[in-house]
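One structure is given here, and the rest of the page talks about it.
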Amino acid sequence: MDEWIDEVIGVGGAFARICGDYEYRPQQIEMAIAVAEALNERRHCLVEAGTGVGKTIAYLTPAIKHSLGGKPIIVSTHTIALQEQLVRKDIPLMHLALEDTPFRAALVKGRANYLCLWELDRAREDITLQGDPLFEKVLAWVGTTETGDISEMGFSFPAWSEICSNQDTCRHQQCEHYDRCFYYAMRRQAQSADIIVVNHSLFFSDLGIRTLDPRSAILPDYDVVIFDEAHNLEDVAAKTFGVEFSNYRVPAILNRIRKRRDIAVTASELEIIDSANKRLFALFKDTDKPEFFFEEIFASPKRRIEIMEAAEELASLVDGLNIQLSEQDTEGNETLARRIEGFRRTLTGIREDLNLLFFRDVDNYFRWCEKTSSGKFVSCILRLTPIDVSQALESSLWNTVSSAVLTSATLSNSGKFNYIKSRLGIQSNTIELILGSPFDYESQALLYVPNDMDFPSEAPDYAEQVADRIEQILGYSNGRAFLLFTSYRMLNAVYDILKDRLPYKLLKQGSKANEKLVEEFRKSGNECIFGVHSFWEGVDVKGSALSCVIIDKLPFSVPDSPVNKARCDAIMSSGGDWFLDYAVPQAQIRLKQGFGRLIRTKMDRGVVAILDSRLLKKSYGKEFLRYLPRCRGTSDLEEVREFFTRNC
89 MDEWIDEVIG
99 VGGAFARICG
109 DYEYRPQQIE
119 MAIAVAEALN
129 ERRHCLVEAG
139 TGVGKTIAYL
149 TPAIKHSLGG
159 KPIIVSTHTI
169 ALQEQLVRKD
179 IPLMHLALED
189 TPFRAALVKG
199 RANYLCLWEL
209 DRAREDITLQ
219 GDPLFEKVLA
229 WVGTTETGDI
239 SEMGFSFPAW
249 SEICSNQDTC
259 RHQQCEHYDR
269 CFYYAMRRQA
279 QSADIIVVNH
289 SLFFSDLGIR
299 TLDPRSAILP
309 DYDVVIFDEA
319 HNLEDVAAKT
329 FGVEFSNYRV
339 PAILNRIRKR
349 RDIAVTASEL
359 EIIDSANKRL
369 FALFKDTDKP
379 EFFFEEIFAS
389 PKRRIEIMEA
399 AEELASLVDG
409 LNIQLSEQDT
419 EGNETLARRI
429 EGFRRTLTGI
439 REDLNLLFFR
449 DVDNYFRWCE
459 KTSSGKFVSC
469 ILRLTPIDVS
479 QALESSLWNT
489 VSSAVLTSAT
499 LSNSGKFNYI
509 KSRLGIQSNT
519 IELILGSPFD
529 YESQALLYVP
539 NDMDFPSEAP
549 DYAEQVADRI
559 EQILGYSNGR
569 AFLLFTSYRM
579 LNAVYDILKD
589 RLPYKLLKQG
599 SKANEKLVEE
609 FRKSGNECIF
619 GVHSFWEGVD
629 VKGSALSCVI
639 IDKLPFSVPD
649 SPVNKARCDA
659 IMSSGGDWFL
669 DYAVPQAQIR
679 LKQGFGRLIR
689 TKMDRGVVAI
699 LDSRLLKKSY
709 GKEFLRYLPR
719 CRGTSDLEEV
729 REFFTRNC
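FYI, the numbering for the sequence shown is 89 to 736, going by my numbering.
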């Protein structure tokens with residue numbers, strides 16, 4: 089395998105021949121050899137690969153060789169951006185490099201990404217869509233698309249949920265469109281592929297399905313899985329293995345039934361169910377906290393009784409509607425029969441989730457509520473979430489595949505993988521490798537940390553302090569910055585302070601789609617993006633358009649949020665230290681992700697400013713600094729100004 093790797097990505101190898109700007113990277117070779125060793129020895133492998141290593145080509149090179157003639161290898165990513173990079177850039181390059189070694193690759197997405205031809209036929213009969221110019225564009229697109237994938241449509245269609253593939257109405261081989269079905273065409277392509285690209289959410293959904301019923305699995309059988317952006321696995325697994333029940337879920341199915349004039353359910357009967365749903369969620373909305381455990385609201389015996397009665401009423405009404413639909417006369421009307429069958433499946437799923445949320449004890453899980461507001465609309469989601477996914481992953485994943493490769497730019501803590509292994513339940517003998525970036529951070533980047541700002545928790549005017557310091561730094565950088573915040577509350581506060589004080593256009597997350605914000609930012613001369621969460625990772629802006637990244641404070645998770653409190657309580661109950669064993673490692677990974685937005689090529693130059701003096705004054709601060717790429721640091725704004733003058 090080592091010889092194969094050298095022939096592909098070594099000096100004078102296939103990549104050097106097809107890519108005029110190809111650069112030999114010893115870190116890439118080292119990673120590829122480690123992955124090959126793991127695959128050949130049937131071991132798990134963890135690789136932290138710094139920005140610029142070229143980790144996708146590093147793992148694809150041995151993976152393709154290993155997959156030929158055997159079971160497919162699954163490559164799972166967290167972000168759409170990396171999926172697109174793999175499918176549109178890296179895998180086509182591998183095809184060119186391996187022209188004498190043909191292999192097949194497939195992109196697999198969730199069912200709702202694909203158009204359903206049967207649902208489209210039903211939509212053609214919908215008088216509300218007749219003459220709709222967007223629906224006419226959909227019909228024109230259907231005549232040209234080979235995949236039926238919404239991402240290729242090129243425009244937004246508000247009623248997509250009415251025409252996309254869904255489990256509830258799918259008749260599989262019995263459908264008249266089965267031979268032309270986009271979803272099953274994707275499934276067939278995956279069955280014959282050597283490399284299958286998915287996202288983490290779909291992977292864990294499939295894992296849950298195949299654990300209960302392997303015959304219903306979405307993906308073909310596999311022995312090897314490669315997780316890119318693996319630092320997100322715990323959160324995605326916890327979300328996928330849990331239950332989500334929003335205040336819009338019941339109204340959505342009621343609205344679909346209401347549109348069917350051939351179903352013998354009256355509007356008043358549906359309104360009774362809708363009202364019961366509203367009563368249940370009103371009891372959870374009646375609190376100022378955006379997130380809370382069920383136990384907090386159940387502390388009031390009166391409120392607990394009200395909620396349980398409301399849940400029982402809704403469950404009973406859902407059962408009644410399901411029975412009523414089962415008694416509907418559908419003889420001679422296959423379309424109606426299929427539609428009712430789908431409605432009943434949806435209602436059964438709702439009833440099962442109500443059981444889990446209110447009427448059944450579930451070990452190692454906790455129940456909580458999450459509320460978000462957008463104008464006058466309040467979204468309320470009731471959740472059942474596993475406290476710890478390590479045991480479930482150990483039994484259903486790590487002990488069942490021959491080899492799993494986990495890679496990311498941020499996997500280790502203090503030079504070890506203990507944190508990620510303990511959170512994910514990886515116990516077996518693993519191959520572990522930490523590879524630094526080939527970039528010269530000493531000359532390309534400057535880290536600024538102030539020593540004269542108050543601690544965030546001790547300063548009522550912290551937003552004003554952050555805004556003032558941002559204004560100074562942006563004056564030196566001439567804009568061209570990502571401003572990364574740990575909360576929307578701080579983002580909005582600082583944005584409101586600066587929006588009339590800065591001469592640059594300020595782009596705010598939420599004002600439009602993230603992709604459009606980044607596209608506008610790339611084209612601009614000196615605009616700035618105010619972002620949270622999703623802008624800390626997976627966003628790649630090369631060149632002088634991005635010359636500064638400013639982080640408001642260390643990205644510790646909110647300690648009393650239900651997810652973090654449940655996890656921390658579990659750590660303490662087993663004798664651990666929630667702060668050092670969970671909060672610090674998690675924040676280190678997030679901070680390094682944010683830092684990594686700045687330097688994306690060997691030509692990039694810029695400043696990362698972390699406006700949190702705890703880095704310098706708290707004992708744990710040095711652990712954060714050690715975890716970041718080694719570069720020159722300062723607390724002197726004059727040095728920041730000089731760096732921009734000389735380099736940017």
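For each residue, glycine too, the CB sits at the ideal point set by N, CA and C.
On a predicted model such as this, the values are computed, not experimentally measured, just so you know.
Assumed close pair residue i, residue j - CB separation to whole angstroms, cut-off 8 Å
i, j, result
"valine 286", "valine 175", "The pair is not a contact, with the Cβ atoms about 11 Å apart (cut-off 8 Å)."
"lysine 153", "aspartate 309", "About 20 Å; that fails the 8 Å criterion."
"arginine 452", "aspartate 476", "Arginine is not the amino acid found at residue 452; the sequence shown has asparagine there. Right, the Cβ-Cβ distance comes to about 6 Å (below 8 Å), so this counts as a contact."
"leucine 358", "arginine 346", "6 Å"
"lysine 593", "serine 612", "7 Å"
"aspartate 256", "glycine 430", "4 Å"
"phenylalanine 315", "alanine 480", "Wrong, their Cβ atoms sit about 16 Å apart, outside the cutoff."
"isoleucine 428", "threonine 436", "That pair is no contact at about 12 Å."
"tyrosine 271", "arginine 199", "6 Å"
"threonine 473", "phenylalanine 454", "6 Å"
"isoleucine 385", "threonine 375", "7 Å"
"glycine 682", "leucine 572", "5 Å"
N-terminal and C-terminal residue of the alpha helix (DSSP H) that residue i is part of
i, result
"valine 728", "725 to 735"
"lysine 143", "143 to 155"
"leucine 586", "576 to 586"
"aspartate 407", "389 to 414"
"serine 289", "288 to 300"
"tryptophan 92", "90 to 97"
"arginine 367", "355 to 373"
"lysine 327", "321 to 328"
"leucine 195", "Premise fails: leucine 195 lies in the beta strand (DSSP E), 193 to 195, not in any alpha helix (DSSP H)."
"serine 478", "478 to 481"
"tyrosine 272", "270 to 279"
DSSP bridge partner residues for residue i (one or two, in chain order)
i, result
"isoleucine 519", "Cys133"
"asparagine 501", "Lys504"
"isoleucine 698", "Ile639"
"lysine 596", "Phe618"
"glutamate 332", "Arg471"
"leucine 571", "Phe618 and Ile638"
"cysteine 252", "Leu203"
"tyrosine 536", "Ala697 and Thr722"
"valine 493", "Cys133 and Ile314"
"aspartate 237", "Tyr202"
Outcome for residue i when other beta-carbon atoms lying within 10 angstroms are tallied against a minimum of 16
i, result
"leucine 184", "exposed"
"isoleucine 561", "buried"
"tyrosine 112", "exposed"
"histidine 319", "buried"
"leucine 300", "exposed"
"leucine 668", "exposed"
"leucine 413", "buried"
"serine 769", "One cannot answer for residue 769 here, as it falls past the ends of the chain, which runs 89 to 736."
"asparagine 201", "buried"
"valine 163", "buried"
"asparagine 487", "exposed"
Proximity test, residue i beta-carbon vs the ligand MN heavy atom, cut-off 6 Å
i, result
"glutamate 422", "For the ligand MN, the structure offers nothing, since it holds no ligand at all."
Contact set for residue i: own chain, Cβ-Cβ below 8 Å, skip 5 residues either direction
i, result
"glutamate 559", "Leu586, Arg589 and Leu590"
"serine 723", "Tyr536, Val537, Pro538, Asn539, Asp540 and Leu704"
"arginine 130", "Ser490 and Ser491"
"glutamine 116", "Ile97, Val141, Gly142, Lys143, Ile145 and Ala146"
"aspartate 282", "Ile152, Ser155, Leu156, Pro160, Ile161, Phe191, Arg192 and Ala193"
Close beta carbons around residue i, own chain, < 6 Å, minus the five adjacent residues each side
i, result
"glutamine 277", "Ala194"
"leucine 521", "Ala122 and Val135"
"arginine 433", "Asp256"
"methionine 241", "Trp229"
"arginine 367", "Ala398"
"leucine 222", "Phe245"
Same chain, Cβ closer than 7 Å to residue i, five either side skipped, listed in chain order
i, result
"arginine 610", "Val629 and Ala633"
"glutamate 95", "Gly101 and Ala102"
"glutamate 394", "Leu371"
"valine 627", "Val606 and Arg685"
"valine 450", "Leu444 and Leu472"
N-terminal and C-terminal residue of the beta strand (DSSP E) that residue i is part of
i, result
"tryptophan 456", "453 to 462"
"glutamate 379", "379 to 381"
"serine 164", "161 to 165"
Min CB distance residue i to chain B below 7 Å
i, result
"asparagine 320", "In summary, chain B is missing from the structure at hand, where a single protein chain is found."
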